[in-house]
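Colleague: In full-length UniProt numbering, the protein residues as written are 1 to 271.
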Amino acid sequence: MSGPGLAVERATWLPARTERIGDWLLGFTGGLTKRANSAVPATPGAALGEDDLERIEARYAAVGQPAVFRICSAAPAGLDRRLADRGYAEASVTEVWARELNGTEPGDTGSSGVEALSTGAREAAPVAPRPAPAGPVIADADRPDDDWLAGWLGVKQNGARPGAAERELAARLLTGSPARYLSARTPDGTALGVLRVAPAGEWAGLSCLAVTPAARRRGTGRALTLAGLRAAVTHGAERAFLQVEVHNTPAQRLYRELGFVPVERYVYRER
1 MSGPGLAVER ATWLPARTER IGDWLLGFTG GLTKRANSAV PATPGAALGE DDLERIEARY
61 AAVGQPAVFR ICSAAPAGLD RRLADRGYAE ASVTEVWARE LNGTEPGDTG SSGVEALSTG
121 AREAAPVAPR PAPAGPVIAD ADRPDDDWLA GWLGVKQNGA RPGAAERELA ARLLTGSPAR
181 YLSARTPDGT ALGVLRVAPA GEWAGLSCLA VTPAARRRGT GRALTLAGLR AAVTHGAERA
241 FLQVEVHNTP AQRLYRELGF VPVERYVYRE R
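Below you can see the structure in the form of structure tokens.
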């Protein structure tokens, strides 16, 4: 299947401020995530002349941030080598994974113990777990509260509790586009993990999956992802996508089991 495309991806993750130089869109969000602080092609095959490249570098330098470029299918041929020769390091390699949702509500629970999205003619991969007494309790909200933000940022920052300024910046980024915010807790209220689901037309983007260290390898990520797919269907999405770094093999294994397939790969170059 084909991926959502850069325009849909951006619609689900809007930088706090966007500027345009030539054929490129520059995101600025205080350095929080490369997706929100990088230069991306405005259209497929975007040109990047030497003058525009220098202007982009100068613009990021002016705000004290490194220049970061997304090298993807919409970027001009040869840009990766050109930036490497200019001293840009490969910051990360990421894949976009996607799956069909069939545009229906979850069906009845089958013998496999999971609910499936089904049109009657075909079945997609499982998308909703059979409730289990000891399983996580999933809550759904239309905005991220401080606990949700702490759950996401805490995992990103290796357990450090974010300050007020960090939470404010994260909230500004996350609420820049419509989304649902899922939280998983134990029955007694202990936080386990979080996930964000952002609808964009026929697509929904799943992001910010963060599970506390104590809850890993216990099905929390699976439960949140399945709940996220249910939420995507509820909000009219026909397809879902997510992004995962190529070295994150446990996450890739989970997503493949849940019916996702890789549809595109991109690289961030940074200097």
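Backbone N, C-alpha and C fix where the C-beta goes; we use that ideal spot for every residue, glycine too.
Of all the options W97, T212 and S38, which has the alpha carbon lying nearest to the alpha carbon of Q252?
Modeller: W97
Colleague: In whole angstroms, what separates the C-alpha of R86 from that of R20?
Modeller: 22 Å
Colleague: Once you ignore the five residues that flank A11 on each side, which residues in its own chain have a CB closer than 7 Å to its CB?
Modeller: Cβ neighbours of A11 beyond the five flanking positions: S177 and A200.
Colleague: If you measure between the beta carbons of G154 and A210, is that distance less than 9 Å?
Modeller: yes
Colleague: What do you get for P187, buried or exposed, if any count of 16 or more other CB atoms within 10 angstroms of its CB means buried?
Modeller: exposed
Colleague: Should the segment 39–55 be regarded as contacting the segment 73–80, the criterion being three or more beta carbon pairs within less than 8 Å?
Modeller: yes
Colleague: Nearest-angstrom Cα distance between W13 and V68?
Modeller: Going by C-alpha positions, W13 is about 16 Å away from V68.
Colleague: Report buried or exposed for E105, applying the criterion of at least 16 other Cβ atoms within 10 angstroms of its Cβ.
Modeller: Because E105 sits at a pLDDT of 43, beneath the cut-off of 50, its placement in the model cannot be relied upon, and the following sentence gives the value as read from the coordinates. Classification of E105: exposed, given that the 10 Å Cβ count is below 16.
Colleague: So, at 7 Å on beta carbons, what are the nonlocal neighbours of R172 in its own chain, with the 5 sequence-adjacent residues on each side left out?
Modeller: A16
Colleague: Taking the alpha-carbon positions, what's the P89 to P136 distance?
Modeller: Looking at the sequence shown, residue 89 is not Pro but Ala. Looking at the two C-alpha atoms, the distance is approximately 40 Å.
Colleague: Sorted by chain position, which residues of the same chain lie with C-beta nearer than 6 Å to A39's C-beta, five sequence neighbours on each side aside?
Modeller: Excluding sequence positions up to five before and after A39, its CB lies within less than 6 Å of the CB of W24, L26, I56 and F69, all in the same chain and listed in chain order.
Colleague: Please confirm whether E54 and V244 have their CB atoms less than 9 Å apart.
Modeller: no
Colleague: Alpha carbon to alpha carbon, what distance is there between R269 and S92?
Modeller: Their Cα atoms are separated by approximately 8 Å.
Colleague: Alpha helix (DSSP H) containing W148: first to last residue?
Modeller: D146 to K156
Colleague: For the beta strand (DSSP E) that G27 lies in, which residues bound it at each end?
Modeller: First-last of the beta strand (DSSP E) with G27: W24 to F28.
Colleague: Could you tell me the distance, in whole angstroms, from the CA atom of A141 to the CA atom of D80?
Modeller: 40 Å
Colleague: Quick check on DSSP: helix, strand or coil for G135?
Modeller: For G135, the three-state secondary structure derived from DSSP is coil.
Colleague: Which residues does DSSP list as the beta-bridge partners of S92?
Modeller: Y268
Colleague: Should residue 273 be labelled buried (16 or more other beta-carbon atoms within 10 Å of its own) or exposed?
Modeller: Nothing in the structure corresponds to residue 273, since the chain is present only between 1 and 271.
Colleague: Using C-beta distances below 8 Å, list every residue in its chain close to G3, excluding the 5 sequence neighbours before and after it, in chain order.
Modeller: V96, A98, F241, V263 and E264
Colleague: By DSSP's criteria, P199 is part of a beta bridge. Which residues make up the other side?
Modeller: A204
Colleague: From G30 to A36, what does the alpha carbon distance come to, in whole angstroms?
Modeller: Whole-angstrom Cα-Cα distance: 9 Å.
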